[in-house]
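Student:
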Amino acid sequence: MKRSKAKPINIGIIGTGWPGQQHARVMSAIPDARLAACADLDDARRKEFAQTYAPAKSFSDYHELLHDPAVDAVIVCLPNFLHFPASLAALEVGKHVLCEKPPTMNVAEMKVLHEEATRRGLVYYFSRQFRFTPAMRAAKGLIAAGRLGHIYHARATWVRSRGIPQGVGGWFTEKKRSGGGALIDIGVHALDSAWYLMGTPRPVSVSAQVFRNFEHLVQDPVFDVEDAAYAFIRFDNGAVVQLETSWAGNLPDDIPMGQYFGRELNNSTVYGTKGTIRLKPLSFFEDQNGAVETVPVELPDDADSFELQLRNFIEAISGRAEAINNATQAVELMEMLDAIYASSASGREVPIV
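Every letter in the sequence shown is one number past the one before it in my numbering, and letter 91, counting from 1, is 91.
1) Span of the beta strand (DSSP E) holding G12?
2) In whole angstroms, what separates the C-alpha of I340 from that of A50?
3) Using only CA atoms, which one of V206, L191 and S268 lies nearest to P102?
4) Checking 8 Å against the spacing of the C-beta atoms, do M198 and V270 come in under that value?
5) In the DSSP assignment, what residue or residues form a beta bridge with H354?
6) Of the choices M336, A86, I13 and L78, whose alpha-carbon is the least far from that of Q56?
7) As an exercise, report each continuous beta strand (DSSP E) stretch of at least 3 residues that is fully enclosed by the region 150-177, in chain order.
8) Return helix, strand or coil for T52, following the three-state DSSP convention.
9) Residues in its own chain within less than 7 Å of S246 by CB, not counting five upstream and five downstream?
10) Using the Cα positions of D301 and P134, report the straight-line distance between them to the nearest angstrom.
11) Using only the alpha-carbon positions, how far apart do G141 and D43 sit?
12) Taking G149 as the reference, give the member of D32, A36, S343 and A239 with the closest Cα.
13) Please give me, in chain order, every unbroken run of the beta strand (DSSP E) with length at least 3 that falls completely inside the region 276-327.
14) Give a yes or no on whether the C-beta atoms belonging to H114 and A327 are separated by under 8 Å.
15) From Y125 to W18, what does the alpha carbon distance come to, in whole angstroms?
16) Looking at C-alpha atoms only, which residue of R128, L91, E100 and V97 is the closest neighbour of I116?
17) Write down the C-beta distance between F306 and V97 rounded to the nearest angstrom, noting that I regard them as a contact closer than 8 Å.
18) Per the contact definition of three or more C-beta pairs closer than 8 Å, is the region 208-219 in contact with the region 254-265?
19) For P79, tell me which candidate among W195, H153, T173 and H67 has the shortest Cα-Cα distance.
20) Is it buried or exposed for K2, if we count other Cβ within 10 angstroms and need 16 for buried?
21) If you follow the alpha helix (DSSP H) that P85 is part of, which residue opens it and which one closes it?
22) Pull up the distance between the alpha-carbon of N312 and that of A33, whole angstroms please.
23) So A29 is in the beta strand (DSSP E); what residue range does that whole segment cover?
24) Identify the continuous beta strand (DSSP E) that holds K140 and give its terminal residues.
25) Determine the direct distance from the alpha carbon of T200 to that of R234, and round the result to whole angstroms.
26) Grab the span of the beta strand (DSSP E) containing V97 for me, first residue to last.
27) Is the CB-CB distance between L282 and V297 below 8 Å?
28) So, at 6 Å on beta carbons, what are the nonlocal neighbours of A208 in its own chain, with the 5 sequence-adjacent residues on each side left out?
29) Whose CA, out of Q329, G163 and E315, lies closest to the CA of I9?
30) Do I255 and L265 have their C-beta atoms within less than 8 Å of each other?
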């Protein structure tokens, strides 16, 4: 669906918490985007958002925003269990959608969104701003230049020693509202970073185990999600990725102390036949005459990842670029997440068909 370059795309933000604020924060830097509206049930939070970012309109009910003909696209920043109904409602009235992670609560829901967006010729886009960080873009450049050779393996890690999220309405630790625990909150970021660098190959099977060992650290009455997940995922090109994620664990001292959650490690490493890339700190290890050498890598710039992501969303709507975070990938990402839980429950490797 192509639009005139002269007319900006009017965007409505549904949910004015931290994620919604990040999207609004960068919108003024994009001439083709205009913050047309916001919606939030929390009056105080919505009013504060409106005072800071000055949307043209403000609603308490997001359905009113969706039926505003001036709005071309929406950014869904609601709790996880509302991602699917809000995204579907937006697509049904002809709005393009950018949705925070996870895209949906399961792959069945994501397939519905994919089909609806395709049928209507709309852009569905899932938020993964980490794909746009300077380190990620530099790594993708090396891979595109063939410096890694054939990529056959990756390790994806995001672990914390004491990082179970509490507050924020209490929904993070409740399965029916969050969809999952550490895997859905932080593990999905690590998995997607590695998968993206690998070229988003098609997943074919998963062997995994999830655990809930640290619920005694939580005062909230509901804690029925995993605090750790470990997975081994095979792809159709023969490559594999190992995922390790946890909210809580007795981590050793080789993992550094973080700012808020005790010891914390968030990193992805991708292995190829010619070289290996580690994201943090960005490092490239290359075979040079039979020896592995560390090669300096320069970051391209310090551009804001939220801004670059929003620019790509706008360009995809305008027909000027392909969506980097597209609906097909969202389906495959949800297939992997669903299979991790299914494998853990069955004690077996689970095929993805």
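Ideal Cβ positions, reconstructed from N, Cα and C, are used throughout, including at glycine.
Predicted, not measured: the structure shown is a model, and the values here were computed from it.
Tutor: Taking the coordinates as given:
1) I9 to I14
2) Straight-line measurement puts the Cα of A50 at about 40 Å from the Cα of I340.
3) L191
4) yes
5) An answer regarding residue 354 cannot be provided, because it is not within the stretch 1 to 353 covered by the chain.
6) Looking at the sequence shown, residue 56 is not Gln but Ala. That would be I13, whose Cα lies nearest to the Cα of A56.
7) 151-160
8) DSSP, reduced to helix, strand and coil, places T52 within a helical segment of the structure shown.
9) V159, R160, A182, D227 and A228
10) 6 Å
11) 45 Å
12) A239
13) 283-288 and 291-295
14) yes
15) 19 Å
16) Residue identity differs from the one stated: residue 116 is Glu in this sequence, not Ile. That would be L91, whose Cα lies nearest to the Cα of E116.
17) 17 Å between Cβ atoms; not a contact.
18) no
19) T173
20) Only weak support is given to the placement of K2: the predicted model assigns it a pLDDT of 48, under 50, and the question is left unresolved by the model.
21) H83 to E92
22) 11 Å
23) Counting along the chain, A29 falls outside any beta strand (DSSP E), and DSSP gives it neither H nor E.
24) It is not in any beta strand (DSSP E) - K140 instead sits in the alpha helix (DSSP H) that spans P134 to A144.
25) 12 Å
26) H96 to C99
27) yes
28) A231, I340, S343 and S344
29) With distances taken between Cα atoms, I9 lies closest to E315.
30) One thing to note: I255 has its Cβ within 8 Å of the Cβ of L265.
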